[in-house]
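As structure tokens, the structure follows; a few thoughts come after it.
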Amino acid sequence: MPLKEALIQHFEAGRRKSCVPTCRIPDKRDFMDSNPPRTTDDFYRNYDPWIGIGTAIMLALFFILIAFKSFLTWLLRRTTIWRYQYQKKYRKKQLINNHITDSTTIATTATPIIDNGHIIIS
Numbered sequence: 115m116p117l118k119e120a121l122i123q124h125f126e127a128g129r130r131k132s133c134v135p136t137c138r139i140p141d142k143r144d145f146m147d148s149n150p151p152r153t154t155d156d157f158y159r160n161y162d163p164w165i166g167i168g169t170a171i172m173l174a175l176f177f178i179l180i181a182f183k184s185f186l187t188w189l190l191r192r193t194t195i196w197r198y199q200y201q202k203k204y205r206k207k208q209l210i211n212n213h214i215t216d217s218t219t220i221a222t223t224a225t226p227i228i229d230n231g232h233i234i235i236s
């Protein structure tokens, strides 16, 4: 009979308990620690809240750094696009003004170019 009782206990241990959603969570055990806390009270007795606060501060600083870098990149791109569009409009106005002045002037002056690429100003 002891074999039969052992089998019954084995199968009963394998079944789910009736308190499954509300069962008490087992105590935390850290096997890397030489003297781990056995209960939750033992864990919080030596708990330092500044460890969590320091971690939260570091994560917040990292988030702020990434957000600032993204904002700076966005601002530089918008500024570059604005400058490009401004220069494009300015050059277009210059081309229109030059075309009008070129068609109205009859005589043009040419400056000779030396062989090495420099312009002679006389």
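Quick note on numbering: this note's numbering labels position 121 of the sequence shown as 235, and the sequence is numbered without any gaps. Note that CB positions come from ideal geometry on N, CA and C, so glycine has one too.
| Query | Result |
| --- | --- |
| Residue span of the alpha helix (DSSP H) that contains D156, given as start and end | 154–159 |
| As assigned by DSSP and simplified to three states, the class of M237 | Residue numbering for the chain in the displayed model covers 115 to 236; residue 237 lies beyond these limits and cannot be assessed. |
| D162 versus T153 - alpha carbon distance | 16 Å |
| Alpha-carbon spacing of I210 relative to Y204, whole angstroms | 10 Å |
| Straight-line Cα distance separating I195 from I165 | 45 Å |
| DSSP-derived helix/strand/coil call for P151 | coil |
| R191 versus F182: straight-line alpha-carbon distance, rounded | 14 Å |
| Backbone CA spacing between K207 and H213 [nearest angstrom] | 10 Å |
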